[in-house]
Amino acid sequence: MLSLDLLNIPNHIAIIMDGNGRWAKAQGKDRLFGHASGVESVRDTLKAAKELGVKFLTLYAFSTENWSRPQMEIDGLMDLLINAITSELDSLDNNGVRLMTIGEIDGLPENCKQSMIQAIEKTKENTGITLVLALNYSARIEITKAVQSILLHEKPANEEDITPELISRHLFTKNIPDPELLIRTSGENRVSNFMLWQIAYTELHFTSVCWPDFRKDHLVVAIQDYQNRERRFGKTSEQIQ
Ligand code: IPE
Ligand code: IPE
Ligand code: MG
Numbered sequence: 353m354l355s356l357d358l359l360n361i362p363n364h365i366a367i368i369m370d371g372n373g374r375w376a377k378a379q380g381k382d383r384l385f386g387h388a389s390g391v392e393s394v395r396d397t398l399k400a401a402k403e404l405g406v407k408f409l410t411l412y413a414f415s416t417e418n419w420s421r422p423q424m425e426i427d428g429l430m431d432l433l434i435n436a437i438t439s440e441l442d443s444l445d446n447n448g449v450r451l452m453t454i455g456e457i458d459g460l461p462e463n464c465k466q467s468m469i470q471a472i473e474k475t476k477e478n479t480g481i482t483l484v485l486a487l488n489y490s491a492r493i494e495i496t497k498a499v500q501s502i503l504l505h506e507k508p509a510n511e512e513d514i515t516p517e518l519i520s521r522h523l524f525t526k527n528i529p530d531p532e533l534l535i536r537t538s539g540e541n542r543v544s545n546f547m548l549w550q551i552a553y554t555e556l557h558f559t560s561v562c563w564p565d566f567r568k569d570h571l572v573v574a575i576q577d578y579q580n581r582e583r584r585f586g587k588t589s590e591q592i593q
């Protein structure tokens, strides 16, 4: 087992869960088999993150761009989401998991939206770990909607009233701290419209492991990689010693 500094665990880890389709195809299975297998990775990663003391785990589950996939895959993904949330809800609740979503959940099929709302309501008092599902999510839409919300609700009198802090307070993530670590699986080195505002100073970890194979050990490797980084935030190395 790799050694970890338990006093330097990221408070918030975000993951772009990628590679389900290619993982399934490599075994001659269809893409939905890959997505279904990815649910076990979610379970394992959530459990491991909680044990390690991570307070927020954000998982990119469905992007606005993913609506361009074949309808059969979209339907399969939505069914999987509903089934996973419904069957895991008691276990999530009993394990102190608070569920939240980011993204436009109004744009999800009604049954999917309702199962999310119910799960959010049931788990809202839990304090063990917050699981944030990014659903129908686009970072550019998030920022655009924040600007629209500021115009509508804050009615700024002067342009100086619009500050980064004000914009942050109008994002989907308004009550969620920025992630310290972003992981992307499956060997793709891009961020695909995910949390563009929030990852300004996030450490990025890319792994070739496809999401259905991702387990606690891979999470530990990512955290270890994070712990070996020097986070300078624009300063010199000497300044932060
Ligand atoms: C990630 O796996 C899951 C979603 C985007 C919903 P993919 O479905 O993107 O798998 P690949 O990248 O095609 O292998
Ligand atoms: C990003 O994966 C979205 C999710 C993981 C939900 P994609 O597979 O959709 O991203 P691209 O198209 O390869 O950039
Ligand atoms: Mg992909």
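Each residue of the sequence shown is one higher than the one before, starting from 353 at the first, in my numbering. Yeah, the Cβ is synthetic: ideal placement off N, Cα and C, and Gly gets one too.
Item                                                                                                                                                       : Value
Identify every residue that forms a DSSP beta bridge with H557.                                                                                            : I535
Is DSSP giving V499 helix, strand or coil here?                                                                                                            : helix
For L485, which beta-bridge partners are listed by DSSP?                                                                                                   : L411 and T453
Check the C-beta distance from A486 over to N545 and give it rounded, since I have them as a contact under 8 Å.                                            : So it is not a contact: roughly 10 Å between Cβ atoms.
Is there at least one non-hydrogen atom of ligand 3 closer than 6 Å to the beta-carbon of D382?                                                            : no
Starting from the Cα of E392, find the closest Cα among L432, D427 and W419 and give me that residue.                                                      : L432
Does the distance between the C-beta of R374 and the nearest non-hydrogen atom of ligand 1 fall short of 6 Å?                                              : yes
So what does DSSP say about I592, is it helix, strand or coil?                                                                                             : helix
Just to confirm, does G371 get its C-beta within under 6 Å of one of the non-hydrogen atoms of ligand 4?                                                   : Summarising the ligand content, the structure contains ligand 1, ligand 2 and ligand 3 and does not contain ligand 4.
Tell me the DSSP secondary structure of A388 in three-state form.                                                                                          : helix
Report yes if the C-beta of S415 is less than 6 Å from at least one heavy atom of ligand 2; otherwise report no.                                           : yes
Using only CA atoms, which one of L483, G586 and Y578 lies nearest to L356?                                                                                : Y578
Note down, in chain order, each residue of its chain lying with its Cβ closer than 7 Å to the Cβ of T482, except the 5 sequence neighbours on either side. : K407, F408, R450 and M452
So, are the CB atoms of S560 and G539 less than 7 Å apart?                                                                                                 : yes
Using alpha carbons as the reference points, say which of I528, C562 and K465 lies closest to N435.                                                        : K465
Establish whether the CB of L534 and some CB of chain C are separated by less than 7 Å.                                                                    : This model lacks chain C altogether; it includes just one protein chain.
Starting from I368, trace the beta strand (DSSP E) both ways and give me its first and last residue.                                                       : H364 to I368
Sorted by chain position, which residues of the same chain lie with C-beta nearer than 7 Å to I457's C-beta, five sequence neighbours on each side aside?  : K465, M468, L487 and N488
Please say whether G390 and R383 have beta carbons closer to each other than 7 Å?                                                                          : no
When you compare only the Cα positions, how much space is there between V394 and L460?                                                                     : 20 Å
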